[in-house]
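> Got a structure for you, written out below as structure tokens; questions coming shortly.
Residue numbers (UniProt numbering): 1 to 521.
Rendered as structure tokens:
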């Protein structure tokens with residue numbers, strides 16, 4: 001099997017362009033040589049703590065240089081990266097650590113309103129098998145803000161900046177991305193080194209990436225998500241681009257960074273484009289923004305046609321839409337580079353990738369007509385290995401000959417462009433984040449006043465969908481909708497908990513007792 005490590009993307013650019021700027025955060029600028037050397041220190045740290053090739057190491061860090069450094073350090077050690085959403089609570093973190101078999105966790109300290117480090121340490125302590133915890137502080141020499149926790153700065157201080165990267169097979173697991181579904185708890189999608197590599201390298205065909213004319217990318221997409229990892233972090237590393245990081249998206253902060261750093265490449269979810277357009281006025285130098293911006297990419301959920309048109313009018317740049325899932329590394333379809341946009345379409349299949357529409361109840365391909373709708377199935381270099389420790393669930397979505405069924409319904413025009421028409425399952429997409437109802441329902445059912453609950457997505461003007469819970473109270477119980485929302489906020493990550501709760505007397509059901517969510521919608 002060919003020897004390859006995903007960290008080779010960073011190493012290759014560091015070897016060819018050591019002094020080129022790799023990462024910008026505010027006034028901090030790190031060269032490719034600095035980022036690669038720091039990643040080597042992380043690899044040496046992990047090896048010194050007994051981490052072996054194939055071990056799983058989790059990180060829970062916002063868009064900071066630490067994410068890219070630790071991510072590549074884990075890979076260099078031959079281990080598997082397990083990125084975690086920073087909004088997870090302690091018990092959710094413990095589940096992810098145990099489910100992934102993680103042996104170590106790196107977590108950012110956070111802030112008073114978002115105590116990432118404290119929540120991460122609580123999850124670490126509740127985990128059955130995670131051995132090491134490192135809290136990452138903004139000041140590398142600061143004392144640990146988490147009692148009993150070792151700081152990342154102190155741990156790597158004496159580690160050498162040289163390391164011989166462990167050679168892995170390209171079919172070995174590089175990253176485990178936790179993905180939502182519609183049933184059960186989050187599942188870890190195993191992505192091979194070649195899955196992530198090839199999906200990053202396709203940036204050349206999709207975006208016109210060129211190491212001799214490198215892009216400056218604005219990183220507002222969370223790096224723990226596959227969209228940000230592949231399109232921004234790994235795509236930039238593959239072609240020696242510069243990543244300008246924003247730890248948290250804000251329209252004004254994004255515009256300021258785009259002007260200061262002459263950003264040429266912007267990728268975001270539809271709500272980000274909506275927010276950017278909302279603050280453009282006579283005080284914003286739109287002409288300079290438009291002159292610099294070469295590429296605008298949208299994914300995560302459907303982009304409203306009016307936002308698409310307005311962005312093109314103001315910036316002179318056509319937003320290129322694509323489609324993918326964590327299980328496809330993530331990009332599976334995209335607007336062909338140089339082709340006129342077709343608003344509402346997710347584009348065509350990637351080079352080296354096949355798409356087809358199949359019957360939702362079988363693998364039979366749908367007979368094509370312009371109006372024929374089927375479930376999207378994907379095959380190619382981007383399709384994942386399977387769900388970690390879940391062979392039955394893997395078999396349910398992967399065919400023996402490598403096709404992956406996505407659960408999304410679409411149609412295809414005569415030119416091979418695809419259009420999403422619906423989701424075959426109940427998944428909710430809120431602000432670009434996947435939310436699945438059953439996990440929320442299970443948590444709500446632990447409330448002493450709740451007897452029955454159904455969670456659905458309802459339309460929202462800026463987030464695409466909002467999470468709504470329909471709740472039946474226990475006989476004699478007394479709880480208000482406001483109380484249940486407040487309780488949910490304490491129990492679940494911010495992107496998950498229902499902002500809308502409606503208390504009802506009953507829920508519509510089938511004869512077998514299944515709740516009819518389509519009637520609720």
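We put the beta carbon where it would ideally sit given N, CA and C, even for glycine.
This structure is a prediction, so every number in the text was calculated from the model and none was measured.
Using C-beta distances below 7 Å, list every residue in its chain close to residue 69, excluding the 5 sequence neighbours before and after it, in chain order.
Setting aside the 5 residues that flank it on each side, residue 69 is surrounded in the same chain by 35, 38, 39 and 42, each with a C-beta closer than 7 Å to its C-beta; the list follows chain order.
> I believe residue 134 touches residue 62 by the beta-carbon criterion, under 8 Å. Please report the beta-carbon distance rounded to the nearest angstrom.
Contact doesn't hold; Cβ gap of about 15 Å is too wide.
> Considering only the beta carbon of each residue, do residue 332 and residue 382 sit closer than 8 Å?
yes
> Find the nearest neighbour of residue 562 within the set 94, 245 and 379, judged by alpha-carbon distance.
The requested residue 562 is not part of the displayed model; the chain covers only 1 to 521.
> So for residue 491, helix, strand or coil by DSSP?
Here residue 491 sits in helix by DSSP.
> From the DSSP output, read off the bridge partner residues of residue 71.
Beta-bridge pairing links residue 71 to no other residue.
> Less than 6 Å between C-beta atoms, sequence neighbours within five positions excluded: which residues of the same chain meet that for residue 104?
Closer than 6 Å at Cβ, skipping near neighbours: 57 and 132.
> Go through its chain and collect everything with a Cβ distance to residue 294's Cβ below 6 Å, but skip five positions before and after it.
264
> Would you mind listing the beta strand (DSSP E) stretches within the segment 24–72 that are 3+ residues and don't spill past its ends, in chain order?
28–31 and 56–60
> Starting from residue 391 and walking both ways along the alpha helix (DSSP H), at which residues does that stretch end?
391–397
> DSSP three-state call for residue 181: helix, strand or coil?
Residue confidence for residue 181 is low, a pLDDT of 48 falling below 50, so the modelled location carries little weight; the figure read from the coordinates is stated next. The answer is coil: DSSP assigns residue 181 none of H, G, I, E or B.
> Mapping DSSP to helix, strand and coil, what is residue 153?
helix
> Using a Cβ-Cβ cutoff of less than 6 Å, which residues in the same chain neighbour residue 71 once the five nearest sequence positions on both sides are dropped?
81
> Sorted by chain position, which residues of the same chain lie with C-beta nearer than 8 Å to residue 194's C-beta, five sequence neighbours on each side aside?
4, 170, 171 and 381
> Based on Cα-Cα distance, which residue from 451, 459, 19 and 487 lies nearest to residue 475?
451
> Evaluate the contact criterion for the segment 203–215 versus the segment 226–238: three or more CB pairs, one atom per stretch, below 8 Å.
Contact between the segment 203–215 and the segment 226–238 is present, because at least three Cβ pairs lie under 8 Å.
> Between the C-alpha atoms of residue 129 and residue 220, what's the straight-line distance to the nearest angstrom?
33 Å
> Which same chain residues, not among the five before or five after residue 159, have their C-beta less than 6 Å away from its C-beta?
41, 44 and 45
> Assuming the contact rule is C-beta atoms closer than 8 Å, residue 303 and residue 266 should be a hit. Round their C-beta distance to whole Å, please.
That pair is no contact at about 13 Å.
> With a threshold of 16 other CB atoms inside 10 Å of the CB of residue 279, please say whether the residue is buried or exposed.
exposed
> Taking the alpha carbon of residue 154 as the point to measure from, which residue in 460, 176, 137 and 373 has its own alpha carbon closest?
137
> Return the chain-ordered list of same chain residues with a C-beta closer than 7 Å to the C-beta of residue 342, the five sequence neighbours on each side being excluded.
417
> Within the segment 330–382, note down every full beta strand (DSSP E) run reaching 3 residues or more, in order along the chain.
As far as the segment 330–382 is concerned, its whole beta strand (DSSP E) runs of at least 3 residues are 331–334, 353–358 and 374–380.
> Assuming residue 300 and residue 429 form a contact by the criterion Cβ under 8 Å, report the distance between their Cβ atoms to the nearest whole angstrom.
7 Å
> How about residue 55: is its C-beta nearer than 8 Å to some C-beta of chain C?
Looking for chain C here will not work: only one protein chain is present.
> Under three-state DSSP, which class holds residue 104?
strand
> Reducing DSSP to helix, strand and coil, say where residue 451 ends up.
strand
> Label residue 365 either buried or exposed according to how many other C-beta atoms from any shown protein chain fall within 10 Å of its C-beta, with 16 as the threshold for buried.
exposed
> Quick one: what's got a C-beta closer than 8 Å to residue 271's C-beta in the same chain, skipping five residues either side?
Residues 431, 432, 462, 463 and 464 of the same chain have their beta carbon placed closer than 8 Å to that of residue 271, with the five preceding and five following residues left out of the count.
> Note the first and the last residue of the continuous beta strand (DSSP E) segment covering residue 111.
Here residue 111 belongs to no beta strand (DSSP E), and DSSP marks it neither H nor E.
> Going by DSSP, what residues sit across from residue 503 in a beta bridge?
471
> Curious, which full-length beta strand (DSSP E) runs of at least 3 residues does the segment 236–313 contain?
242–245, 265–268 and 295–298
> Between the Cα of residue 523 and those of 415, 313, 361 and 306, spot the shortest distance and give me the residue it belongs to.
Coverage of the chain is limited to positions 1 through 521, which leaves residue 523 absent and any answer about it impossible.
> Do residue 472 and residue 498 have their beta-carbon atoms positioned less than 8 Å apart in this structure?
no
> Looking at C-alpha atoms only, which residue of 327, 110, 120 and 520 is the closest neighbour of residue 456?
520
> Looking at the strands, I want to know which residues DSSP matches up with residue 435.
In the DSSP assignment, residue 435 forms a beta bridge with 428.
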